[in-house]
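Working notes, beginning with the structure itself.
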Amino acid sequence: MRYAANRSVVAARERFPARTLTEADGDLWLVHLLVPAPVLALTRQTNLDVLGLDDRVSTGRIDSSGRTDPDPLLDTCGQLADAVRDWWNGSPPPLLYRARTVPSTGRSLAFTRTSAWSILDARPLREATSLHSHLTLSAGFVIPPVWLR
Numbered sequence: 001m002r003y004a005a006n007r008s009v010v011a012a013r014e015r016f017p018a019r020t021l022t023e024a025d026g027d028l029w030l031v032h033l034l035v036p037a038p039v040l041a042l043t044r045q046t047n048l049d050v051l052g053l054d055d056r057v058s059t060g061r062i063d064s065s066g067r068t069d070p071d072p073l074l075d076t077c078g079q080l081a082d083a084v085r086d087w088w089n090g091s092p093p094p095l096l097y098r099a100r101t102v103p104s105t106g107r108s109l110a111f112t113r114t115s116a117w118s119i120l121d122a123r124p125l126r127e128a129t130s131l132h133s134h135l136t137l138s139a140g141f142v143i144p145p146v147w148l149r
């Protein structure tokens, strides 16, 4: 699994930032999951403040240009990863974070090795016809014309 999000269009924007899908992308799978609680939510500002983080932990936008020392956020993230593992006795829950492309509304999920989920639906991307319509009409995507037939 490469991208997990609260909506299919968010996952598509994360996976395809140029908003163009090719015929070969049709072999990728769109999977609808049910993820049981708990999750560690890194989406609320109060949680980020308590953990000593900022939104860069979600977006991955850490500026290293012109720096001679590493960004302190990287050290904080490493400490958090160790602490989370300890808090859940080596079986941490999935991490819920703001999506990089639509941080105001999109949410992404990072699974851990011990995360549990149920598959509600799964299909090759080329067969997700309702998503194709939404991506082209509402989200500005270009998809292979053969998928629209």
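Every letter in the sequence shown is one number past the one before it in our numbering, and letter 65, counting from 1, is 65. All C-beta atoms in this analysis are idealised placements derived from N, C-alpha and C, irrespective of residue type, glycine included.
**Request:** Might you give, ordered along the chain, the residues of its own chain that have their beta carbon closer than 7 angstroms to the beta carbon of residue 76, omitting 5 neighbours on each side?
**Result:** Translated into the one-based positions of the sequence shown, residue 76 becomes position 76. Within the same chain, residue 76 has close Cβ partners 52 and 53.
**Counted within 10 angstroms of its Cβ, other Cβ atoms place residue 120 as buried (16 or more) or exposed** = Position 120 of the sequence shown holds residue 120. Its Cβ having fewer than 16 others within 10 Å, residue 120 is exposed.
**Message:** Restricting to runs no shorter than 4 residues, where is the alpha helix (DSSP H) found entirely within the stretch 38 to 124?
**Reply:** 45 to 51, 56 to 59 and 72 to 87
**Item:** Length of the line joining the Cα atoms of residue 159 and residue 56
**Value:** Any answer about residue 159 is impossible in this case: the structure gives the chain only from 1 up to 149.
**Closest Cα partner of residue 131 within the set 35, 31 and 37** = What you label residue 131 is simply residue 131 of the sequence shown in a count that begins at 1. Checked all of 35, 31 and 37; the closest Cα to residue 131 is 31.
**Prompt:** In this structure, what does DSSP give as the bridge partners for residue 32?
**Reply:** Within the sequence shown, residue 32 is the residue found at index 32, counting from 1. Paired residues: 121.
**Message:** Tell me the rounded alpha-carbon separation between residue 140 and residue 124.
**Reply:** The residue labelled residue 140 in the question sits at position 140 within the sequence shown. The residue labelled residue 124 in the question sits at position 124 within the sequence shown. Cα to Cα, residue 140 sits roughly 21 angstroms from residue 124.
**Asked** By DSSP, does residue 11 sit in helix, in strand, or in coil?
**Response** Looking up residue 11 in the sequence shown gives position 11. The answer is helix: DSSP assigns residue 11 an H, G or I state.
**Message:** Does the contact criterion of 3 or more C-beta pairs under 8 angstroms hold for the stretch 65 to 73 versus the stretch 20 to 38?
**Reply:** no
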